[in-house]
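Structure first, then comments.
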Amino acid sequence: MSTGIYGANIHSEEIRTHTIAVLVDNEPGVLARVIGLFSGRGYNIESLTVAETRHRQGLSRITIVTSGTAMIIEQIKAQLNRLVPVHSVSDLTIEGPSVERELALVKVAGTGEKRVEALRIADIFRARVVDSTNESFVFEIVGKTEKLEAFVDLMRPLGLIDISRTGVVAIARGPESMEGQD
Amino acid sequence: MANVDLTGSEMVIKALQDQGVEVVFGYPGGAVLPIYDEIFKQNKLRHILVRQEGGAVHAAEGYARSTGKVGCVLVTSGPGATNAVTGLLDAMLDSIPLVCLCGQVPTHLIGNDAFQEADTTGITRPCTKHNYLVKSVDDLPRILHEAFYVARTGRPGPVVIDLPKDVLMDVGAYIPPAKIKHKSYVPQVKPDAAAIKQAVKLLSKAKKPVIYAGGGVINSGPNASKLLTSFTQMTGFPITLTLMGLGAYPGSDDQFLGMLGMHGTYEANMAMHDCDVMLCVGARFDDRITGRLNAFSPNSKKIHIDIDPSSINKSVRIDLPVIGDVGYVLEDLIKAWKAAQVKPDDKALKSWWKQIQKWRDKDCLAYIKDDKVIKPQLAIQRLYELTKDRKDVFVTTEVGQHQMWAAQHFKFESPNHWMTSGGLGTMGYGLPAAMGVQIAHPDALVIDIAGESSILMNIQELGTIAQYRLPVKVFVLNNQYMGMVRQWQELLHGSRYSESYLEALPDFVKLAESFGGVGIRVTDPKDLDDAIRQMLETDNHVICEVAVAPEENCFPMIPSGCAHNEMIFGADVKTDEAISEDGMVLV
Ligand SMILES: Cc1cc2nc3c(=O)[nH]c(=O)nc-3n(C[C@H](O)[C@H](O)[C@H](O)COP(=O)(O)OP(=O)(O)OC[C@H]3O[C@@H](n4cnc5c(N)ncnc54)[C@H](O)[C@@H]3O)c2cc1C
Ligand SMILES: Cc1ncc(C[n+]2csc(CCOP(=O)(O)OP(=O)(O)O)c2C)c(N)n1
Ligand SMILES: [Mg+2]
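Chains A and B are the protein sequences, given in the same order. The first sequence begins at 1 in my numbering and counts up one residue at a time. The second sequence begins at 1 in my numbering and counts up one residue at a time.
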């Protein structure tokens with residue numbers, strides 16, 4: 001059984017979801033390059049987040065959740081790696097344990113019973129109230145995607161009217177860095 | 001030395017000179033006038049004025065491919081830049097190193113739909129290896145040097161620099177190129193020792209090996225071709241080359257099976273299909289090569305040497321990837337091969353060659369001779385025979401049947417002498433490319449093997465050829481058809497020749513003459529040699545129009561969606577049902 005250059009078993013036809021972290025120069029057009037690569041080559045983007053993480057070196061970190069067969073995931077990483085402003089690419093799904101988090105702001109409108117129930121559930125999920133009026137709450141919830149989705153499902157019948165989500169951010173566990181030192 | 005203050009356009013000229021650029025192919029316009037002003041004031045950097053920006057890019061490609069240097073292009077904003085796009089993508093797909101400087105409206109007008117504004121970096125992002133929009137003159141020197149580094153390093157490709165006019169006129173400190181390490185783009189060029197060791201092991205056990213080499217060998221430089229030749233001869237393995245690889249191994253050598261793929265030889269494709277170990281050297285398993293993927297070389301272990309990890313496992317599953325520059329990899333491979341004192345399985349190899357000989361005996365490139373009409377294959381063969389003893393012969397092509405016949409019947413002994421548009425298949429490539437080659441090699445014989453349809457796509461470049469007195473020879477195989485299109489229509493669409501016949505063709509003799517060149521027309525096979533000789537003996541530029549059999553097909557052919565062992569040949573072509581529905585959707 002052969003493995004690809006990134007260590008995956010390339011013979012599997014199973015479609016899997018991978019979280020990929022990409023360290024890039026924070027320069028104009030860099031995000032367009034990454035997104036254009038995905039749309040131009042027909043790859044999926046399930047979620048994408050980006051922000052500058054090292055101000056002094058001008059580095060940003062992009063976290064992409066994508067899916068495909070092992071061969072496609074390998075292509076995606078190779079294609080990302082050959083973009084000129086890309087410093088490093090790591091596949092957090094296969095390179096060892098990692099933690100993933102997402103944040104959502106959830107607006108729920110209503111009064112009476114439903115309002116009380118919404119608060120109760122928020123409490124169970126450890127969602128924080130970051131805004132409230134007589135007829136609405138905005139909850140802030142942090143966690144894995146599945147947790148956010150469960151929360152949203154429960155809030156829907158209770159008057160959920162708006163959601164804003166950050167998309168997944170992720171990082172490998174343990175003492176190693178993908179960014180190098182300052 | 002202290003850094004000198006220069007204007008942006010002075011920096012451009014200085015940086016090009018510091019990067020060793022001798023020639024730039026270009027066309028002026030408002031946004032690049034400051035650069036043209038600097039060009040006027042100096043005489044080190046030579047500017048070649050083309051007739052359309054598309055011509056400039058192909059000329060730079062021809063220049064780059066025939067010299068191994070980075071080709072350089074200068075165009076204005078808006079329509080200048082958009083005219084360059086096809087050539088940029090052509091260079092991208094064929095891995096040709098270019099730097100294309102585009103004018104842009106001043107920074108404060110960007111985004112205003114200003115006169116001749118185009119989102120050049122947006123448009124060219126997917127057609128370049130990298131591109132830059134320079135927002136400040138302080139970034140300009142770094143970007144200029146970086147562009148050349150990126151264009152030539154790793155897998156080569158085109159780089160665009162978009163230059164707003166105010167940046168060109170602004171003043172800043174020029175920085176000469178230094179040996180700085182690029183902060184993010186540092187491709188691996190030396191192979192892992194473990195991979196080399198494994199490759200030697202696989203290859204030494206091979207009973208039916210084949211070497212399949214491509215454009216990457218040419219990209220790596222002439223030394224890589226030398227190493228490939230020694231390794232091939234050292235092992236006694238058969239070798240086949242892709243369209244882009246022709247010349248990487250001597251075309252007349254007995255171990256060479258000819259080109260492989262859709263219009264490749266029977267022996268090359270059968271050897272690929274039946275081999276037990278395949279050594280791919282700088283080639284990318286293009287769909288013209290593999291045919292139906294699940295039937296591609298089903299029983300072989302595949303070793304793939306490539307500098308670009310994204311070429312590995314893209315379509316074909318590879319057993320042993322070797323990442324690195326072909327030159328370094330072959331050097332290490334040869335060393336390891338010698339050190340391991342490999343004794344190839346002579347008996348197995350002998351019977352493999354016997355099998356290959358049987359395939360060869362089919363004589364797949366044979367065609368029915370005709371003494372009344374010139375067969376296109378004959379025209380190429382005669383051109384080859386009458387030029388093969390010359391020292392420096394460069395051939396470019398347009399796109400179509402003539403291109404394939406050239407690949408099949410012209411033999412290339414050394415790299416960098418064959419320029420063709422492989423990946424994009426751009427009609428109109430050959431004439432400007434020949435122009436670029438001739439600029440780089442003023443005393444060489446440069447021939448564009450053309451079709452009558454393709455040549456019209458960039459025919460305006462005859463003006464450039466005339467202006468710079470470039471003795472380019474255009475050898476037009478005139479079948480009056482978009483032959484390649486007509487062939488597919490015959491084989492796939494019930495001979496309904498929809499819009500593939502060219503009426504109102506120009507008089508090519510007068511056309512040549514109107515640009516101050518020489519026109520020759522030949523229709524009788526008896527006169528063919530004389531016509532070719534006359535073309536070769538003319539100092540001026542020539543169009544030699546050869547009237548060839550209009551409905552000749554290019555064989556052998558692996559129809560789209562078929563396997564290597566399902567080839568069709570000249571004599572036993574089946575029309576209509578030959579190709580499956582699945583195959584028809586492919587191009
Ligand atoms: C009408 C038509 C018909 C065609 N029919 C055929 C056909 O029958 N047969 C055929 O072969 N082609 C044919 N082609 C061309 C085909 O489309 C491809 O362009 C061609 O097969 C690709 O050649 P290649 O694999 O050598 O790759 P290239 O495009 O030359 O790519 C080179 C590969 O080498 C790698 N590389 C680059 N530099 C280095 C280096 N320094 N070290 C290591 N690796 C490096 C690159 O990463 C890349 O993977 C046809 C084209 C047209 C227009
Ligand atoms: C710019 C462009 N448009 C269309 C095509 C599709 N195409 C491929 S070959 C061909 C016909 C070429 O005709 P000609 O130059 O006469 O060559 P022949 O096949 O007859 O030798 C066409 C239209 C192409 N490759 N490039
Ligand atoms: Mg034609």
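Using N, Cα and C, we set each Cβ at its ideal position, and we do this for glycine too.
Beta-ladder partner(s) of residue i, from DSSP
i, result
"cysteine 127/B", "Answer is none; cysteine 127/B lacks a bridge partner."
"proline 34/B", "Answer is none; proline 34/B lacks a bridge partner."
"isoleucine 368/B", "Isoleucine 368/B is not bridged to any residue."
"leucine 48/A", "Ile64/A"
"threonine 397/B", "Ile449/B"
"phenylalanine 285/B", "Per DSSP, none; premise fails for phenylalanine 285/B."
"alanine 109/A", "Ser136/A"
"lysine 473/B", "Ile447/B, Val542/B"
"alanine 172/A", "Ser98/A"
"asparagine 478/B", "Ala547/B"
"isoleucine 459/B", "None; isoleucine 459/B has no bridge partner."
"histidine 304/B", "Cys280/B, Pro321/B"
"methionine 212/B", "The amino acid at residue 212/B is misidentified as methionine; the sequence shows tyrosine. In DSSP, tyrosine 212/B forms a bridge with Thr240/B, Cys280/B."
"tryptophan 418/B", "Val395/B"
"alanine 104/A", "Ile141/A, Arg165/A"
"valine 159/B", "Val99/B, His130/B"
"arginine 128/A", "Glu140/A"
"isoleucine 568/B", "Met557/B"
Alpha helix (DSSP H) segment containing residue i, residue limits
i, result
"asparagine 223/B", "222-235"
"valine 34/A", "30-40"
"glutamine 198/B", "193-204"
"tyrosine 384/B", "376-387"
"tyrosine 174/B", "Neither: tyrosine 174/B is in no alpha helix (DSSP H) and is coded neither H nor E."
"aspartate 18/B", "8-18"
"serine 266/B", "It should be noted that the sequence gives tyrosine, not serine, for residue 266/B. First-last of the alpha helix (DSSP H) with tyrosine 266/B: 266-274."
"serine 351/B", "346-361"
Option nearest residue i by Cα separation, candidates the options
i, options, result
"serine 560/B", "Val585/B, Thr538/B, Val542/B", "Val585/B"
"cysteine 72/B", "Leu93/B, Cys102/B, Gly327/B, Lys205/B", "Cys102/B"
"isoleucine 76/A", "Phe151/A, Gly40/A, Leu103/A, Glu149/A", "Gly40/A"
"serine 514/B", "Asp527/B, Ala248/B, Met557/B, Glu461/B", "Glu461/B"
"alanine 531/B", "Leu383/B, Leu49/B, Glu53/B", "Leu383/B"
"leucine 260/B", "Gln355/B, Ala91/B, Met234/B, Met404/B", "Met404/B"
"alanine 147/B", "Asp306/B, Ala366/B, Leu16/B", "Leu16/B"
"asparagine 478/B", "Thr464/B, Gly423/B, Ala379/B", "Ala379/B"
"aspartate 139/B", "Pro126/B, Gln116/B, Leu163/B", "Leu163/B"
"leucine 158/A", "Arg54/A, Arg61/A, Lys114/A, Val30/A", "Lys114/A"
"proline 344/B", "Met427/B, Met272/B, Thr232/B", "Thr232/B"
"isoleucine 558/B", "Tyr266/B, Lys190/B, Lys338/B", "Tyr266/B"
"serine 95/B", "Gln487/B, Arg152/B, Ser454/B", "Arg152/B"
"aspartate 411/B", "Glu385/B, Gly425/B, Leu293/B", "Checking the sequence shown, residue 411/B turns out to be lysine, not aspartate. Of the listed residues, the one whose Cα sits closest to lysine 411/B is Glu385/B."
"alanine 21/A", "Gly29/A, His55/A, Ala78/A", "Ala78/A"
"histidine 18/A", "Val142/A, Ser47/A, Lys107/A, Val129/A", "Ser47/A"
"glutamate 149/A", "Leu103/A, Thr53/A, Val34/A", "Leu103/A"
"aspartate 448/B", "His441/B, Asn131/B, Pro432/B", "Pro432/B"
"leucine 257/B", "Thr387/B, Ser498/B, Trp359/B, Asn553/B", "Trp359/B"
"lysine 44/B", "Ala56/B, Val210/B, Val24/B", "Val24/B"
"aspartate 162/A", "Gly112/A, Asn134/A, Lys107/A, Glu52/A", "Lys107/A"
"lysine 190/B", "Asp306/B, Asp170/B, Val85/B", "Asp306/B"
"glycine 423/B", "Ile439/B, Gly157/B, Thr67/B", "Gly157/B"
"cysteine 562/B", "Gly291/B, Ser204/B, Arg46/B, Asn269/B", "Gly291/B"
Range covered by the beta strand (DSSP E) that runs through residue i
i, result
"aspartate 91/A", "86-91"
"histidine 18/A", "16-25"
"aspartate 332/B", "No beta strand (DSSP E) contains aspartate 332/B, which is instead part of the alpha helix (DSSP H) from 326-339."
"methionine 259/B", "256-259"
is_contact[residue i, chain D] using C-beta, thresh 8 Å
i, result
"proline 157/A", "Here chain D cannot be found, since the structure's protein chains are A and B."
*Whole alpha helix (DSSP H) elements within the region 97-153 of chain B, 4-residue minimum*: 120-124, 140-152
Counting only runs of 4+ residues fully inside the region 482-542 of chain B, write out the alpha helix (DSSP H) ranges in chain order. 483-492, 508-514, 528-537
Could you tell me which whole alpha helix (DSSP H) segments of length 4 or greater appear in the region 24-89 of chain B? 33-40, 53-67
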